[in-house]
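Below you'll find the structure, written out as structure tokens, and then a few comments.
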Amino acid sequence: MVATAMQSVRTVLRRPYAHLAGLAITVLVVQQFVESSSSLFLVQLMALYALAALGLNIILGMAGLLSVAQAAVMALGGYTAGLLMIKAQLPFVVALLVAGAASAVLSAFVGLAALRISSHYFILVTLAVAEALSLLLINEEDLTGGYNGIGGIPPLVIGGLDLSSPLALAVVAIVTLFIGWYVADALAASRSGHGIHAGGADPQLAMASGINVARLRFGASVTGGVYAGVAGALYAETLLYLGPGDFSLGKALLILLIVVIGGMGSNAGTVAAAVILVYLSEGLLRLTTVGPLVYGLGIMVILVIAPNGLDGVARRLRRAFGRILERRVAR
Amino acid sequence: MSPDPDAAVRVRGVRVLFGGVAALDRIDLDVVEGEVFVLVGPNGSGKTTLLNAVSGFVPLAEGSVELFGEDVTRRRAHQRADRGIGRTFQSPRALQSARVTDLLSFGLYRHDPRSWAGEVFRPLRALRLDRQVDERFRTVLDTVGLPDELLHEELGSLSHGQMKMVDIARALLGEPRVLLLDEPTSGLNQGEIDKLHEIVQGLRTGGCTPVLVEHNVQFVVDLADRIAVLHQGELLALGEPRATLSRDEVVEAYLGPKGRLAHRDGGHQAETRN
Amino acid sequence: MDLLAPQAVLSGIAAGSVYGLVGVGFSVSFRTTGVINIATGDLVAMGAYLTFWGLSVGLPLPVAIVVAALIVGLGMGIVERLALRPLYRFGTVYAIMSTIGLSVALQSLIQLVWGPVALVIPRLVPGEAFTILGFRLSLAQIFNLVLALVLILGMVLLLERTKIGRGMQTVARDRELASLLGIRPSQLFFLAFALAGVLAAVAGALIGPDQGLTPTMGLPLGIAGFTAAVIGGLGSPLGALAGGMVLAVAQNLAVLYLTPDYKAALAYGLLVLVLLVRPQGLFGEAGALARRV
Numbered sequence: 291m292v293a294t295a296m297q298s299v300r301t302v303l304r305r306p307y308a309h310l311a312g313l314a315i316t317v318l319v320v321q322q323f324v325e326s327s328s329s330l331f332l333v334q335l336m337a338l339y340a341l342a343a344l345g346l347n348i349i350l351g352m353a354g355l356l357s358v359a360q361a362a363v364m365a366l367g368g369y370t371a372g373l374l375m376i377k378a379q380l381p382f383v384v385a386l387l388v389a390g391a392a393s394a395v396l397s398a399f400v401g402l403a404a405l406r407i408s409s410h411y412f413i414l415v416t417l418a419v420a421e422a423l424s425l426l427l428i429n430e431e432d433l434t435g436g437y438n439g440i441g442g443i444p445p446l447v448i449g450g451l452d453l454s455s456p457l458a459l460a461v462v463a464i465v466t467l468f469i470g471w472y473v474a475d476a477l478a479a480s481r482s483g484h485g486i487h488a489g490g491a492d493p494q495l496a497m498a499s500g501i502n503v504a505r506l507r508f509g510a511s512v513t514g515g516v517y518a519g520v521a522g523a524l525y526a527e528t529l530l531y532l533g534p535g536d537f538s539l540g541k542a543l544l545i546l547l548i549v550v551i552g553g554m555g556s557n558a559g560t561v562a563a564a565v566i567l568v569y570l571s572e573g574l575l576r577l578t579t580v581g582p583l584v585y586g587l588g589i590m591v592i593l594v595i596a597p598n599g600l601d602g603v604a605r606r607l608r609r610a611f612g613r614i615l616e617r618r619v620a621r
Numbered sequence: 085m086s087p088d089p090d091a092a093v094r095v096r097g098v099r100v101l102f103g104g105v106a107a108l109d110r111i112d113l114d115v116v117e118g119e120v121f122v123l124v125g126p127n128g129s130g131k132t133t134l135l136n137a138v139s140g141f142v143p144l145a146e147g148s149v150e151l152f153g154e155d156v157t158r159r160r161a162h163q164r165a166d167r168g169i170g171r172t173f174q175s176p177r178a179l180q181s182a183r184v185t186d187l188l189s190f191g192l193y194r195h196d197p198r199s200w201a202g203e204v205f206r207p208l209r210a211l212r213l214d215r216q217v218d219e220r221f222r223t224v225l226d227t228v229g230l231p232d233e234l235l236h237e238e239l240g241s242l243s244h245g246q247m248k249m250v251d252i253a254r255a256l257l258g259e260p261r262v263l264l265l266d267e268p269t270s271g272l273n274q275g276e277i278d279k280l281h282e283i284v285q286g287l288r289t290g291g292c293t294p295v296l297v298e299h300n301v302q303f304v305v306d307l308a309d310r311i312a313v314l315h316q317g318e319l320l321a322l323g324e325p326r327a328t329l330s331r332d333e334v335v336e337a338y339l340g341p342k343g344r345l346a347h348r349d350g351g352h353q354a355e356t357r358n
Numbered sequence: 004m005d006l007l008a009p010q011a012v013l014s015g016i017a018a019g020s021v022y023g024l025v026g027v028g029f030s031v032s033f034r035t036t037g038v039i040n041i042a043t044g045d046l047v048a049m050g051a052y053l054t055f056w057g058l059s060v061g062l063p064l065p066v067a068i069v070v071a072a073l074i075v076g077l078g079m080g081i082v083e084r085l086a087l088r089p090l091y092r093f094g095t096v097y098a099i100m101s102t103i104g105l106s107v108a109l110q111s112l113i114q115l116v117w118g119p120v121a122l123v124i125p126r127l128v129p130g131e132a133f134t135i136l137g138f139r140l141s142l143a144q145i146f147n148l149v150l151a152l153v154l155i156l157g158m159v160l161l162l163e164r165t166k167i168g169r170g171m172q173t174v175a176r177d178r179e180l181a182s183l184l185g186i187r188p189s190q191l192f193f194l195a196f197a198l199a200g201v202l203a204a205v206a207g208a209l210i211g212p213d214q215g216l217t218p219t220m221g222l223p224l225g226i227a228g229f230t231a232a233v234i235g236g237l238g239s240p241l242g243a244l245a246g247g248m249v250l251a252v253a254q255n256l257a258v259l260y261l262t263p264d265y266k267a268a269l270a271y272g273l274l275v276l277v278l279l280v281r282p283q284g285l286f287g288e289a290g291a292l293a294r295r296v
């Protein structure tokens, strides 16, 4: 009886209803209760980091490839979109598409490494690519403005509709996040998603099941990169100014920490962790000098005490709850 | 050995090197479609290595492997799985937080109807597919004698025996034509061993040829049509189980020239010698 | 002018020996545990800063270096026990993430304790260059090269000739076999990371005088160490030494003929190139560690 009840709950909570409901509620809450432009800015950041982290969750949480290049891919998306809008006066949607494509290409390059080598080395490739890109952003001053970055990005207009108000930007970011979330959940439930997960969990077992682990790793890397590229392009519209510091290794670690705390492989956990960590990093941790120290030690402590993050905690609670329910029914 | 046109698996002149040392050498054997074939031999004799060589997990220094007449020597593991080789693992590893459904989905990969695009654009059809897949998982769990309730359990919470049974279920979902089982009875209790016996028998009627690596000699004698005895990487004997196990060179390989027990299943050997 | 390139090669060899030192420590811990220690560069920085601290409390320089190396080594061993070992059972990705946390923590710790301004530590031997056969060379360069060689040869002896060293190599290849042979992996893991810490810290004390001490000095040095080790095939310590020299010579030549802006990027480029094209390293055996998928 409990099992069938759980089953119907699961059906209702399923795609696409859950995502539509979640989107409606989030937009409503933001529209009703979040007023100041600084709070709306925070909401935008939460949504965009959540989006980039969902991408990393595909790469790391599912495919088991540890990447610290996600902020760099995001930077490429942001700079590409920004520069196309400033220098070529292209409309945002076109810039967004090109940014997504550019990010896919960079991710594909990184993903090549996953084809060639044992997954342990992947982190080294991403580290090198991330650092090389940040050097490029700093040194190619004519294009990127070096340390000064690029300013004067035109405000967000889609199809003649001015969406540059803080509320509109927040809604755009939230809608994009939920679309990304839906697509990521669909991936996780699909054949390809299971294949990617298998390759991450146990490559030998995956290959024995007929899964082309190398190809799926490559695909995961590209897909996750597109998420970061889209997040980067929207980030450019949120700030209207981009500098190399926006995409430093520290930002890569923030995205990484979001996935770890969310629980590797869990999309819902990733979004929840993004909300919490962006709130903390923009508020508490930014104001204190010990912020990075807390971050660093935090990663280690959380890994040791709760390696499956929020998702693991939620599962444990659910199981305990199920047991209590079972006992009630038995009586 | 005469070449057999019906060979499900044909191994010819296989040599595998580990750091210059031959872990397998000059292995020739044919597994006939429909028979139960078991590889036995003392620890370190190369049984699992042979399984790995057939399924594509170790490179061959020399020799060839054919599946149903097709040379797969240069094919990689997942391509061999596509051509009908399934396998289980001795101790399925660190998938602690994955659930039973996840593992079974890995096994279903080759026949999984749930495409990404379908999941995105046709969510209601996806719901139906989910039910179908769920039904299949329940059926296969039933085949290996496990209850449905395990479906949403984490792998970390299963017993060793349950984990091995789930891994067999995973392999079965790939609908292999040859199923390689690596030490399937190790760590199982008697009830599970009996169930395994039943599963292996059932495979044959389902059109799948089981190939086992096995320690448990009693289990082998009851089940196998033919056995191959490996010793120090070479094929020592091949044939009907009882006769083969009682041959002098086989007894010596197991028990050593001085009669010293070289093997933890020594009791079983003594039994089969009588 | 003709001598510019040979000069760049010569000083590259000296500088590369320090990268090699970092790379050797990195590859010993990687080979033993399978964990890529992202904090390797920050161990180098800690070595340099703790040497500075030792001097500031009045220790003579050689003693300060030894004390720094011991603290970093012991500290890294303890971190292994507390923050890496509980994670091995989930797979190495978790432990690697933990070392990323360590990297961030160490860098900000340095920033908090010593501040962002560059500090200076003196050389063990004079750094003034003299001219020999037309080349400019300093005692410090020669000393660094010799010390790195001695330490790396020491590692070779440890790995090849002692029970512990052979144990490390066995554990790296086959954990089950190692436990059959009566080797306790836990001690070896501790030791591997402690050794990596010691070597990194010594490298920090050697390279500190050349470039000054800053909290962010670690990452580029860490990547240089990774690159050295990867070029060397992640196998033999001597390979890492050679790899470090290849990297440093290439960097010097690039500064000479291309642009100084991308000196650091050359290490990144080489690292990616080697991993993509020849993952077994320039000097490594084919297929030893770079298994496909």
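Chains as they are written, first to last, in our numbering: chain L, 291 to 621; chain Z, 85 to 358; chain W, 4 to 296.
Glycine included, C-beta positions come from ideal geometry on N, C-alpha and C.
Sorting W:57, W:74, W:139 and W:109 by C-alpha distance to the C-alpha of residue 7 of chain W places W:139 at the top.
Secondary structure note for residue 560 of chain L: it is in no beta strand (DSSP E), and the uninterrupted alpha helix (DSSP H) holding it is 557-572.
The criterion of a C-beta distance shorter than 8 Å is not satisfied by residue 170 of chain W and residue 76 of chain W.
Residues of chain W whose Cβ lies closer than 7 Å to the Cβ of residue 347 of chain L do not exist; the shortest such Cβ separation is about 13 Å. Under the 8 Å criterion on CB atoms, residue 221 of chain Z is classed as non-interfacial with respect to chain L.
Rounded to whole angstroms, residue 281 of chain Z and residue 120 of chain Z show a C-alpha spacing of 11 Å. In the DSSP assignment, residue 545 of chain L falls within the alpha helix (DSSP H) that extends over 539-552. Rounded to the nearest whole angstrom, the CA to CA distance from residue 73 of chain W to residue 238 of chain W is 25 Å. Cβ atoms of residue 206 of chain W and residue 21 of chain W come within 8 Å of each other, at about 5 Å.
At a cut-off of 8 Å between beta-carbon atoms, residue 272 of chain W makes contact with chain L. Neighbours of residue 429 of chain L in chain W, taken as residues at a C-beta separation under 9 Å, are given in chain order as 262, 264, 265 and 268. Following the DSSP letters along the chain, one finds residue 416 of chain L in no beta strand (DSSP E) but inside the alpha helix (DSSP H) bounded by residues 412-429. One thing to note: residue 390 of chain L has its Cβ no nearer than 8 Å to the Cβ of residue 526 of chain L.
For residue 42 of chain W, no alpha helix (DSSP H) encloses it, and the DSSP letter there is neither H nor E. When Z:292, Z:207, Z:324 and Z:297 are compared, the shortest CA-CA separation from residue 133 of chain Z is found for Z:297.
By the Cβ neighbour-count rule, residue 276 of chain Z is buried, with 16 or more other Cβ atoms within 10 Å of its own.
By the Cβ criterion, the stretch 520-538 of chain L is in contact with the stretch 458-469 of chain L, since at least three pairs of Cβ atoms, one from each stretch, lie closer than 8 Å. By the neighbour-count definition (other C-beta atoms within 10 Å, threshold 16), residue 63 of chain W is an exposed residue. Going by beta carbons, residue 487 of chain L and residue 193 of chain Z fall outside the 8 Å limit. Remark: C-beta atoms of residue 125 of chain Z and residue 314 of chain Z approach each other more closely than 8 Å.
At a C-beta separation below 9 Å, residue 165 of chain Z has these neighbours in chain L: 497, 498, 499, 500 and 501. With 16 or more neighbouring CB atoms inside 10 Å of its own CB, residue 35 of chain W falls in the buried class.
Separation of the CB atoms of residue 544 of chain L and residue 567 of chain L is rounded to 7 Å, and the pair is thereby assigned contact status at 8 Å. Every alpha helix (DSSP H) of 4 residues or more that sits fully in the stretch 174-237 of chain Z is shown, in chain order, as 184-192, 200-205 and 207-227. For residue 191 of chain Z, the residues of chain L that pass the 8 Å Cβ criterion are 499, in the order they occur in the chain.
For residue 498 of chain L, the closest alpha carbon among the candidates Z:184, Z:152 and Z:260 is that of Z:260.
At the C-beta level, residue 158 of chain W and residue 109 of chain W stay beyond 8 Å of one another. In this structure residue 160 of chain Z touches residue 140 of chain Z by the C-beta definition: roughly 6 Å separates them, less than 8 Å. Below the 8 Å Cβ cutoff, chain L contributes no neighbours of residue 154 of chain Z, its closest Cβ being approximately 16 Å away. Note that the C-beta distance between residue 26 of chain W and residue 268 of chain W is not below 8 Å.
Cα atoms of residue 164 of chain W and residue 273 of chain W: separation of roughly 33 Å, rounded to the nearest angstrom.
Taking the C-beta atoms as reference points, residue 185 of chain Z is found no nearer than 8 Å to residue 244 of chain Z. Looking at the DSSP output, residue 171 of chain Z sits in a beta bridge with Z:264.
Beta-bridge partners assigned by DSSP to residue 323 of chain Z: Z:311.
Sequence-distant partners of residue 334 of chain L (beyond 5 residues in either direction) whose C-beta falls short of 7 Å from its own C-beta, in its chain, are 459, 460, 463 and 528.
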